[in-house]
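What follows is a short report on a single structure.
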Amino acid sequence: MRSAAGEPIDLAVIDDDRMLLDGLATWLAEAPDLRLVAAVGTVDELLDAPGRPATVVLLDMRLRDNSDPADNVRRLTAAHYQVLAVSVFGLRDYVVSAFRAGARGYLTKDHDLTSLASAVRQVAAGDTILSPELVFSLISDTSPDRPALSSQERAVLVAYASGMTLQCAARKLGIGVGTAKEYLDRVKQKYGAAGRPAHTKLELADRVREDGIGH
Amino acid sequence: MPGSDSDSSARGTSSSPHGQGNLAARPFRADRVIVDVFGCIRASYVVTGVSMLAVKGDSAYLSAATQGWLLAGVTAWSAILFWSAHRAGEFSRWMVLTDCLIAAALVAFGTRQCVPAERLTWGNWSFTYGLSASLIAGASNGLAALPEVALLVVCFLFGLWPSWRAAQVTNLIGNTSEFAWFALIAFLASLFLHRIERKLDSAFTAQVAAESRRAALSARYTDQLINYGMLHDTVLSTLTAIARGGLDHQVPQVKERCAREAEYLRRLIHGGLSVSASDAGLDNVLSRLVAEADELGMRVRYFTDTLPDLPPETVTAISRAAREALNNVRAHAGTEQAWIAMVADGGGVTVTVTDRGNGFDQQRATEGFGISRSIAARMLDAGGVATITSVPGHGTSVELRWPR
Chain A
1 MRSAAGEPID LAVIDDDRML LDGLATWLAE APDLRLVAAV GTVDELLDAP GRPATVVLLD
61 MRLRDNSDPA DNVRRLTAAH YQVLAVSVFG LRDYVVSAFR AGARGYLTKD HDLTSLASAV
121 RQVAAGDTIL SPELVFSLIS DTSPDRPALS SQERAVLVAY ASGMTLQCAA RKLGIGVGTA
181 KEYLDRVKQK YGAAGRPAHT KLELADRVRE DGIGH
Chain B
216 MPGSDSDSSA RGTSSSPHGQ GNLAARPFRA DRVIVDVFGC IRASYVVTGV SMLAVKGDSA
276 YLSAATQGWL LAGVTAWSAI LFWSAHRAGE FSRWMVLTDC LIAAALVAFG TRQCVPAERL
336 TWGNWSFTYG LSASLIAGAS NGLAALPEVA LLVVCFLFGL WPSWRAAQVT NLIGNTSEFA
396 WFALIAFLAS LFLHRIERKL DSAFTAQVAA ESRRAALSAR YTDQLINYGM LHDTVLSTLT
456 AIARGGLDHQ VPQVKERCAR EAEYLRRLIH GGLSVSASDA GLDNVLSRLV AEADELGMRV
516 RYFTDTLPDL PPETVTAISR AAREALNNVR AHAGTEQAWI AMVADGGGVT VTVTDRGNGF
576 DQQRATEGFG ISRSIAARML DAGGVATITS VPGHGTSVEL RWPR
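Just so you know, the sequences run in chain order A and B.
Counting in the working numbering, the first sequence runs from 1 upward without gaps.
Counting in the working numbering, the second sequence runs from 216 upward without gaps.
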């Protein structure tokens, strides 16, 4: 579900850090187009709430109920939320698996309001954000079932992971900015972040049902 | 074979299977014990010879004077033998052979020089001397001492001939076979002693290994203490101050301080609390560089992966170049934010220092701007290369790669 341009974006936060949630509420008060509509401590609490209160969910990767971050992302994505994963400190394997489970991006919690707000807006519009911390985890991903990247795609990722802007990365690789963006988009697709990951047969069945194919 | 074992263990470290600890530190050398003990036995038989000569005089021997010379001769030889063997820590092959030949000659000649009645008694000190030679042959050569033992037996029999008497057959067999028994017993004793030596050696090696592990753990503990010290000085005191209300967390400086210390914690966790304060690896050096930059008000994000070991000159060159690049960001980029990323690249490493600040036009850059000569020169000298990429308004990136 995407927000129409100009409408306020409804944001839910799943995080058990009370202090952070309070701080975030104060913060978001300063961003007129973002509305904090729910702040809960587990995925269950959000999914149990009636209807679908928000568009974008800020999901802390490390919740007190010790739930697997990737599972959390999958459940939220299945319920048609756009998930933005956040954490104070990201272990590479968790970051990668959350991304592959359908998270639209990963940010460390030390970003300022401007970056966070802009990230939320992008995600609400349906984009996937590749932050340097996310990309760095991707390039050091050594799991055997990782998607194969071409050398140019990897080169763009490496440049991006080191903090370069897209323009700088393109200049460094001697390609156009549009081409660089294309490579990044391809990477997003390869990581199944186009929004419809199907990891289990059950989910595949869900997808099929969604599309109205089959019974 | 006891002989070959003694070769490697006496000659010590590089040829021994353990190769650790030096010879002097090892607890027990079987061969040296054998040399010393058999030296005492030989000495006791020489003393027996002297006392036999003194007590029995001409009554036991054809010529006491000859006996005296024989005794003096073999005593001198034994002194040389045992002194060299003690120095070397073992009996060498040629020592054993020479000793046997001398002993065999002595056994033959000395026995004949005895009065026939005395030849199978204690008066025949040459015989007992010959036994001590058999001991040495058995301990050093084991079952391969057969020729030496056979030689001694033959010489003894030759010495006795033709005065064998039917009545003395049991004595004859008993005495002759003693050569073989002594050699066998010495062989078994030597095997046993070497087995003990091996056990002691492996216990010693294990102890040395345990010691060095303990030392490493102790060093790690010290490093952890240092880290805890730093945690105390930074994170803990900040948190405590905020809790007490003494620091207003809304104030920009305090916020910056919190952000820096959070970054420090993050790095610490990444390094598994094993960041050694004394470690000169590139990761640690760059971590410290980032911490210093943070102190100066920059916000540097540091990403790193597992790295190969690098030679110290390379670490120095890269870290100095990175420091200069970071200084350039502070001076020219117009932004506080920077990224330092470090990735392993085959056997080498690539470090990038990036900002999303002003950038500059590379076509028009002059020498003093962009990569300063020293960044490029440092990397070239160390066998690496520095490249810069910049887009006006979209930031700058300095890439330091080693090797070229």
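The C-beta atom is built at its ideal place from N, Cα and C for all residues, glycine as well.
Remember, it's a predicted structure, so these values are computed and weren't measured experimentally.
Legend entry - CA-to-CA distance, R121 (chain A) to A540 (chain B), given in whole angstroms: Here residue 540 (chain B) refers to the residue found at position 325 when the second sequence is read from its first residue. Here residue 121 (chain A) refers to the residue found at position 121 when the first sequence is read from its first residue. Taking the straight line from one Cα to the other gives about 34 Å.
Legend entry - Residue burial classification, P69 (chain A) (beta-carbon count within 10 angstroms, cutoff 16): Walking along the first sequence from the start, residue 69 (chain A) turns up at place 69. Counting Cβ neighbours within 10 Å, P69 (chain A) comes out buried, since at least 16 surround it.
Inset, instruction - Could you tell me the distance, in whole angstroms, from the CA atom of L361 (chain B) to the CA atom of V289 (chain B)? - result: Counting from 1 along the second sequence, the entry for residue 361 (chain B) is found at position 146. Counting from 1 along the second sequence, the entry for residue 289 (chain B) is found at position 74. Answer to the nearest angstrom: the Cα atoms are 23 Å apart.
Legend entry - Closer than 8 Å to chain A by CB, D498 (chain B): Within the second sequence, residue 498 (chain B) is the residue found at index 283, counting from 1. Not an interface residue.
Inset, instruction - Please work out which residues of its chain come closer than 7 Å, Cβ to Cβ, to V606 (chain B), disregarding the five sequence neighbours upstream and downstream, and give them in chain order. - result: Counted from its first residue, the second sequence places residue 606 (chain B) at position 391. Excluding sequence neighbours, V606 (chain B) sits near G574.
Inset, instruction - Measuring alpha carbon to alpha carbon, tell me which of B:A508, B:Y479, B:N390, B:E528 ends up nearest L497 (chain B). - result: To locate residue 497 (chain B), count along the second sequence from 1; it is residue 282. If we check each option's Cα against that of L497 (chain B), B:E528 comes out closest.
Inset, instruction - Taking C-beta pairs closer than 7 Å, name the residues in chain B that R171 (chain A) reaches, listed in chain order. - result: In the first sequence, the residue the question calls residue 171 (chain A) occupies position 171. Under the 7 Å cutoff, chain B gives T604, V606.
Legend entry - Where the beta strand (DSSP E) through G563 (chain B) begins and ends: Against the second sequence, residue 563 (chain B) aligns to sequence position 348. Counting along the chain, the beta strand (DSSP E) containing G563 (chain B) begins and ends at 563 to 570.
Legend entry - Amino acids of chain A, ordered along the chain, whose beta-carbon sits closer than 9 Å to that of H609 (chain B): In the second sequence, counting from the first residue as 1, residue 609 (chain B) sits at position 394. For H609 (chain B), the neighbours in chain A by C-beta distance under 9 Å run, in chain order, M164, T165, L166, Q167, C168, R171.
Legend entry - Same chain, Cβ closer than 6 Å to V626 (chain B), five either side skipped, listed in chain order: Summary: the structure shown does not reach residue 626 (chain B), with chain B confined to residues 216 through 619, and so no result is reported for it.
Legend entry - Beta-carbon contacts of P8 (chain A) that lie in its chain and below 8 Å, excluding the five residues immediately before and after: Translated into positions along the first sequence, residue 8 (chain A) becomes position 8. Counting only residues of its own chain and dropping the five nearest sequence neighbours on each side, P8 (chain A) has a CB closer than 8 Å to the CB of P32, D33, L34, R35.
Inset, instruction - Consider the Cβ of T455 (chain B): report whether some Cβ of chain A lies at a distance smaller than 8 Å. - result: Residue 455 (chain B) sits at position 240 when you count from the first residue of the second sequence. Output row for T455 (chain B): interface = no.
Legend entry - Interface partners of V558 (chain B) on chain A, CB under 9 Å: Translated into positions along the second sequence, residue 558 (chain B) becomes position 343. Under the 9 Å cutoff, chain A gives F136, I139, S140, V158, A161, S162.
Inset, instruction - Count the other C-beta atoms from every protein chain shown that fall within 10 angstroms of the C-beta of P132 (chain A), then say buried if there are 16 or more, exposed otherwise. - result: Your numbering for residue 132 (chain A) matches position 132 in the first sequence. Burial call: buried.
Legend entry - Residues, ordered as in the chain, of the region 92 to 114 of chain A that lie near chain B by beta-carbon distance below 7 Å: D110
Inset, instruction - Taking C-beta pairs closer than 7 Å, name the residues in chain A that I484 (chain B) reaches, listed in chain order. - result: Reading the second sequence from its first residue, position 269 is the one you call residue 484 (chain B). By Cβ distance, chain A contributes F89.
Inset, instruction - Could you give the DSSP three-state label for W376 (chain B): helix, strand or coil? - result: Locating residue 376 (chain B) in the second sequence gives position 161, where the first residue counts as 1. Coil.
Legend entry - Inter-residue spacing [alpha-carbon to alpha-carbon] between S405 (chain B) and G353 (chain B): Indexing the second sequence from 1 puts residue 405 (chain B) at position 190. Indexing the second sequence from 1 puts residue 353 (chain B) at position 138. Straight-line Cα distance between these residues: approximately 8 Å.
Inset, instruction - Note down, in chain order, each residue of its chain lying with its Cβ closer than 8 Å to the Cβ of H301 (chain B), except the 5 sequence neighbours on either side. - result: Sequence index remark: in the second sequence, residue 301 (chain B) carries index 86 (1-based). Answer for H301 (chain B): R247, V250, D251, G254, listed in chain order.
Legend entry - Inter-residue spacing [alpha-carbon to alpha-carbon] between A170 (chain A) and T550 (chain B): As a position in the first sequence, residue 170 (chain A) is number 170, starting the count at 1. As a position in the second sequence, residue 550 (chain B) is number 335, starting the count at 1. Going by the C-alpha atoms only, they are around 21 Å apart.
Inset, instruction - Flag S534 (chain B) as yes if its beta-carbon sits less than 8 Å from any beta-carbon of chain A, otherwise no. - result: Reading the second sequence from its first residue, position 319 is the one you call residue 534 (chain B). It does not; no Cβ of chain A falls within 8 Å.
Legend entry - Inter-residue Cα distance where the pair is F371 (chain B) and A424 (chain B): Translated into the one-based positions of the second sequence, residue 371 (chain B) becomes position 156. Translated into the one-based positions of the second sequence, residue 424 (chain B) becomes position 209. Their Cα atoms are separated by approximately 53 Å.
Inset, instruction - Rank B:R579, B:F297, B:T326, B:S417 by C-alpha distance to the C-alpha of T313 (chain B) and give the top, closest one. - result: If you number the second sequence from 1, residue 313 (chain B) lands on position 98. Its Cα nearest to that of T313 (chain B), the residue B:F297 stands out among B:R579, B:F297, B:T326, B:S417.
Legend entry - Cα-Cα separation between T142 (chain A) and V558 (chain B), rounded to whole angstroms: As a working note, residue 142 (chain A) is residue 142 in the first sequence. As a working note, residue 558 (chain B) is residue 343 in the second sequence. Going from the Cα of T142 (chain A) to the Cα of V558 (chain B) covers about 14 Å.
Legend entry - Residues that DSSP places opposite F518 (chain B) in a beta bridge: Within the second sequence, residue 518 (chain B) is the residue found at index 303, counting from 1. DSSP lists B:A556 as partners of F518 (chain B).
Inset, instruction - Could you work out which residues of chain A lie near F306 (chain B), taking near to mean beta carbons separated by less than 9 Å? - result: Position 91 of the second sequence, counted from the first residue, corresponds to residue 306 (chain B). Correct list: empty, because the minimum Cβ distance to chain A is about 59 Å.
Legend entry - Contact check, A401 (chain B) vs L367 (chain B), beta carbons under 8 Å: Within the second sequence, the letter at position 186 stands for residue 401 (chain B). Within the second sequence, the letter at position 152 stands for residue 367 (chain B). Contact flag unset, no.
Legend entry - Option nearest S151 (chain A) by Cα separation, candidates A:L173, A:F136, A:Q167: Looking up residue 151 (chain A) in the first sequence gives position 151. Of the candidates A:L173, A:F136, A:Q167, the one whose C-alpha sits nearest the C-alpha of S151 (chain A) is A:L173.
Inset, instruction - Could you round the C-beta distance between L21 (chain A) and A39 (chain A) to whole angstroms and report it? I think they count as a contact, below 8 Å. - result: Counting from 1 along the first sequence, the entry for residue 21 (chain A) is found at position 21. Counting from 1 along the first sequence, the entry for residue 39 (chain A) is found at position 39. Indeed, because the Cβ distance is near 5 Å, the residues count as touching under 8 Å.
Inset, instruction - Give the C-beta separation of L157 (chain A) and V135 (chain A) to the nearest angstrom, bearing in mind that I take them to be a contact with Cβ-Cβ under 8 Å. - result: Numbered from its first residue, the first sequence carries residue 157 (chain A) at position 157. Numbered from its first residue, the first sequence carries residue 135 (chain A) at position 135. The C-beta distance from L157 (chain A) to V135 (chain A) rounds to 5 Å, short enough to fall under 8 Å.
Legend entry - Partners in chain B for P132 (chain A), counting only beta-carbon separations shorter than 9 Å: Your numbering for residue 132 (chain A) matches position 132 in the first sequence. Correct list: R516, F518, W554, A556, T569.
Inset, instruction - Using only alpha-carbon positions, find the residue among B:G461, B:F342, B:R244, B:M594 that is nearest to W617 (chain B). - result: Locating residue 617 (chain B) in the second sequence gives position 402, where the first residue counts as 1. Residue B:M594 is the option with its Cα nearest to W617 (chain B).
Legend entry - Contiguous alpha helix (DSSP H) assignments of at least 4 residues, all confined to the region 91 to 133 of chain A: 92 to 100, 113 to 124
Inset, instruction - Check the DSSP bridge columns for Y276 (chain B) and list the partner residues they point to. - result: As a first step, residue 276 (chain B) is located in the second sequence; it is residue number 61 there, counting from the start. In the DSSP output, where bridge partners are listed per residue, Y276 (chain B) has B:C329.
Legend entry - Contact with chain A by S612 (chain B), beta-carbon distance below 8 Å: Stepping through the second sequence from its first residue, residue 612 (chain B) is reached at position 397. Chain A contact via Cβ: present.
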